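Everything on this sheet refers to the single structure shown next.
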Amino acid sequence: MNIGVMALQGAFIEHKEKLDALGIDNFYIRNLEDLKKHKDGLILPGGESTAMYKLLTELHMFDELKQQIESGLPTFGTCAGLILLAKTLTNQEHAFLKVMDVAVTRNAYGRQLSSFITHDLFNNKKIPMVFIRAPYIESAGDDVEILSVVNDKIVAARQNHLLGTAFHPELADNLTIHKYFIGMIKK
Ligand code: GLN
């Protein structure tokens with residue numbers, strides 16, 4: 004198995020470290036040529052979604068990325084990565100890739116709470132969750148499986164080959180979510 008990690012901006016190194024820890028082959032994607040390489044799965048890291056969108060467009064990667072995901076490439080978006088995947092953004096007019104049937108609110112936690120760490124359930128397992136200027140999922144389509152709810156807000160969900168978390172599993176000392184994603188790819 005080989006997983007591509009989008010490495011234009013944000014917390015991509017930490018995702019690579021998790022995959023390395025699990026013994027999963029992986030490579031960074033920095034341009035269109037990298038993006039076209041064979042992979043069994045893709046990670047879109049956290050960071051700043053507007054900056055990522057700008058880079059994806061300027062590097063002529065956006066259309067290819069959207070097409071690969073729409074063709075069924077298993078994709079895991081964390082935080083800004085989840086924002087990129089969302090079909091709708093509740094607090095801005097235009098969404099980005101529009102591939103996952105979720106409505107996401109950017110920077111959804113107020114200033115005081117803009118970054119915090121908690122422990123809560125992912126798929127019925129308690130794990131650490133690191134939120135950094137995080138979004139949450141306001142609503143989700145019928146075929147979206149809700150995997151985590153924290154303070155009444157959806158913060159992790161799956162739709163077929165797509166997985167999204169509002170928090171950063173790559174910044175916590177825990178491999179549960181990366182293992183879950185690898186399990187998705189194997190099926
Ligand atoms: N606030 C960022 C955005 O809107 C996401 C934050 C993150 O990825 N940690 O893109």
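In the working numbering, the protein residues as written are 4 to 190.
Virtual Cβ for every residue (Gly too), placed ideally from N, Cα, C.
Computed from a prediction, not measured in an experiment: that's the story for all the values here.
In the three-state reduction of the DSSP assignment, Thr-93 falls in the coil class. Residue range 103 to 108 is occupied by the beta strand (DSSP E) that includes Met-103.
Rounded to the nearest whole angstrom, the C-alpha separation of Asp-123 and Leu-76 is 28 Å. Cys-82 and Lys-101 have their alpha carbons spaced roughly 15 Å apart. If you ignore the 5 residues before and after Arg-136, its C-beta comes within less than 6 Å of the C-beta of Asn-110 and Ser-117, all in its own chain and listed in chain order.
If you check the C-beta of Glu-51 against the ligand GLN, you find a heavy atom less than 8 Å away. In this structure, DSSP gives Gln-162 an extended state, which the three-state scheme calls strand. For a cut-off of 8 Å, the C-beta gap from Met-4 to Asp-28 is around 7 Å, short enough to register as a contact. Where Tyr-139 is concerned, the enclosing beta strand (DSSP E) starts and stops at 139 to 143. Between Asp-104 and Gly-26, the alpha-carbon positions lie close to 31 Å from each other.
For His-171, the CB falls within less than 8 Å of some heavy atom of the ligand GLN. One Cα belongs to Asp-155, the other to Thr-179, and the distance between them is close to 22 Å. DSSP places Leu-35 within a helical segment (H, G or I) once states are collapsed to three. Counting along the chain, Phe-125 sits inside the beta strand (DSSP E) bounded by residues 118 to 125.
Excluding its 5 nearest sequence neighbours in each direction, Ala-159 has C-beta neighbours in its own chain below 6 Å: Phe-125, Leu-150, Ser-151 and Thr-168, listed in chain order.
By the CB criterion at 9 Å, Glu-141 and Ala-98 fall outside the cutoff. Counting of Cβ neighbours within 10 angstroms places Thr-60 among the exposed residues, the total staying below 16. DSSP places Gly-84 within a helical segment (H, G or I) once states are collapsed to three. With a threshold of 8 Å, the Cβ atom of Ala-24 does not count as near the ligand GLN, since no heavy atom of the ligand is closer than that.
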